[in-house]
Structures are given as structure tokens and as C-alpha cells.
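What the sequence shown shows, in this note's numbering, is residues 1 to 301, in sequence order. Idealized CB from N, CA, C, for every residue including glycine. Have a look at the structure below, then the notes.
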Amino acid sequence: MDYVRPVRRIVVIGLIAICLGIFLLWRIDSPRVERFRANLIDRVVPSFEWASVPMARFAGMIEDFQSYQRIYQQNQDLRRELQQMKAWKEAAVQLEQQNAKLLALNNVRLDPKLTSVSGLVIADSGSPFRQSVLLNVGARDGVRDGWATMDGLGLVGRISGVGETTSRVILLTDAASRLPVTIQPSGQRAILAGDNTAAPTLDFLEDLDAIEPGDRVVSSGDGGVFPSGLLVGQLALGPDGRYRVWLAADYQQLEFLRVLRSHKGEVITDASGLIVPPQPDPEAEATETPAEGETQAGADG
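See the structure below:
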């Protein structure tokens with residue numbers, strides 16, 4: 001026990017001396033010392049490769065464990081998404097069955113004439129004052145003025161000018177375009193007015209408190225120009241404080257358009273079958289009959 005403290009001091013002093021020697025050895029700028037350092041590294045470092053193997057293995061294990069954690073987390077996320085997709089699939093099947101039951105119950109007849117013809121956009125004849133495109137379908141394909149055109153998402157415009165093999169589509173963003181629309185779910189009706197911008201404005205809104213940004217905007221079918229229920233876009237509040245519609249159609253990539261064949265509906269001109277004609281009042285006839293008899297007697301006298 002008496003030699004512990006002196007031995008400790010000697011060991012500490014020796015380690016300090018070794019560290020100072022190594023420091024001085026690496027700081028001396030001399031060709032001989034440089035060769036000595038190189039020979040020392042060549043002899044010492046290869047013999048310590050066995051010490052680096054466990055560290056490399058340990059680092060590899062940590063990396064593999066982290067990779068396993070990432071794969072496990074991705075697997076859990078995929079499982080959750082699969083469960084959500086199963087729930088959506090079940091909901092879709094139930095809605096499909098419910099829709100089939102309602103159609104069978106109400107004996108709904110869908111319009112078989114509402115078909116379409118697809119055309120390729122061959123030119124963009126738009127300008128700062130007029131926005132329209134040209135399609136490679138025309139009169140030979142049965143296209144007529146006023147028919148609605150859609151892309152894969154929503155309503156694009158209407159046919160305005162038909163040639164033999166081409167037709168012109170005036171877009172909803174054109175300043176001359178006016179479209180009656182319905183805002184869902186409030187049922188508010190308005191006019192979609194183009195103003196040569198990407199988001200046309202809504203005019204003639206009655207109740208502003210019943211609508212809010214994000215509402216769905218569809219065609220109302222008023223006027224008989226367009227079929228009702230065609231998706232137009234979403235309601236938005238513009239920077240100028242006016243309500244506008246972000247169109248669902250992708251106007252930046254108009255390549256193919258569907259022209260909806262519209263057919264005029266049957267017009268009822270005779271209201272006799274709808275409104276019952278006025279029936280004579282029996283009490284009024286009873287009161288009028290004596291008066292007529294007295295008048296006839298006076299005439300005879």
C-alpha cells in the first residue's frame with residue numbers, strides 16, 4: 001500500500017512524457033523524422049486491424065437495425081392504408097347496392113341519348129381578349145352549336161362554330177361565356193361569368209351566408225343549354241373579395257375533349273292535362289236559377 005501512490009505518479013508522468021514525445025514527433029519537420037513516422041505507421045497500424053473489425057461490425061449492426069426499423073414502419077403504414085382502403089371499398093359497395101335499390105324502387109330511367117364524341121385539340125386560338133380552342137371533330141361527326149365539352153375532370157366550355165371537320169370551343173374563361181350553375185350543398189343558383197382569368201366570377205348570388213369557399217359548383221341545366229349536374233369546379237374567394245370558381249378542368253393540358261350530345265327536351269304547350277279547368281259552383285248555380293226564371297217571366301209578361 002505504501003508503493004501505490006509513487007507507482008501511480010510514475011505511470012502518470014510516463015504517460016504524459018509519451019504523449020509529449022508523440023506530439024513532438026509529429027510536429028518535427030525533418031526528412032529523417034518523416035521517414036521514421038512513415039515506418040512507424042507501416043508497422044503499427046496494420047497490427048491494429050483486429051481492433052477495427054468489432055467497431056465495423058457494430059456499426060453495421062446499428063445500420064441494419066435502423067434499416068429494419070424503417071422497413072417495419074413502412075410496413076405498419078401500408079397495413080393502415082390497406083385497412084382504410086378496405087373500409088372505403090366496403091363503403092363503395094354499400095353505396096352501389098343502395099343506389100341500385102333506389103333506382104329499382106323509383107324505376108328511374110336514365111337518358112340513353114346523353115352520349116359523347118371525343119376530339120383532339122389541334123390548335124389554341126386564344127388571345128388576351130378571346131379564349132377558345134379548335135377540335136378535329138365537326139359536322140361530319142354530328143357536332144352542333146351549343147353542345148357542352150368536358151375533359152377528364154370537369155366542364156371546359158361549349159361548341160361555338162362548327163365546320164365540316166373542325167369545331168371551335170369557347171372556354172368558360174372567355175369574357176363572352178355565361179353559364180347557369182348551382183352551388184352545392186346549399187343549392188344557391190348563380191351565373192358563372194368568364195373574365196379572361198383562370199378563375200371566373202359568380203354573379204347574381206342571392207344568399208352569401210349560405211355558401212363558403214370549397215363548395216362544389218355544378219351546372220344547373222337552366223335554359224336547356226347544358227345538362228345539369230356537370231362538374232364545373234370549387235368555390236373560392238378571390239383577392240378582390242368576389243366569389244370565384246377554381247375550374248376542375250385542367251386548362252394547362254387540354255389535349256382531348258369530350259363533346260356531349262345534347263338533345264332538346266319535349267316542350268308541353270297544352271296545360272289542360274296538368275291544370276284542372278275551373279268547375280262550376282253548385283250553390284252559385286242554385287242562386288242564379290231563380291233569378292233567371294224571374295227574368296224570363298218578366299219577359300213573358
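DSSP three-state assignment for residue 28, whether helix, strand or coil
coil
Option in 183, 174, 211 and 190 with minimal Cα separation from residue 199:
174
Segments assigned beta strand (DSSP E), at least 3 residues, entirely inside the region 117-199:
132-135, 148-150, 155-162, 167-171, 178-184 and 188-193
Cβ distance (whole Å) where residue 245 is taken to contact residue 235 below 8 angstroms:
6 angstroms
Which term fits residue 65, buried or exposed, when burial requires 16 or more other beta carbons within 10 angstroms of its beta carbon?
exposed
Identify every residue that forms a DSSP beta bridge with residue 256.
120
Pairwise C-alpha distance: residue 240 and residue 60
60 angstroms
Within the continuous beta strand (DSSP E) that includes residue 245, where are the two ends?
243-247
Who are residue 234's beta bridge partners in DSSP?
216 and 246
What are the boundary residues of the beta strand (DSSP E) that includes residue 201?
201-203
For residue 220, which of 208, 57, 191 and 197 has the nearest alpha-carbon?
191
Give the DSSP-derived three-state secondary structure of residue 226 in the structure shown.
coil
Less than 8 angstroms between the beta carbons of residue 242 and residue 117, yes or no?
no
So, is residue 151 buried or exposed, given that buried needs 16 or more other C-beta atoms within 10 angstroms?
buried
Do residue 233 and residue 254 have their CB atoms nearer than 8 angstroms?
no
Is the region 179-196 touching the region 205-224, taking contact as three or more C-beta pairs under 8 angstroms?
yes
Please determine, among 170, 142 and 94, the residue with the shortest C-alpha to C-alpha distance to residue 123.
170
Look at the alpha carbon of residue 155 and the alpha carbon of residue 149, and state the distance between them as a whole number of angstroms.
6 angstroms
Just the Cα atoms here: how many angstroms apart are residue 37 and residue 19?
15 angstroms
Residue from 134, 93, 5 and 12 whose Cα sits closest to the Cα of residue 163
134
Decide if residue 226 is buried, meaning its Cβ has at least 16 other Cβ atoms within 10 Å, or exposed.
buried
Are the Cβ atoms of residue 207 and residue 188 separated by less than 8 angstroms?
yes
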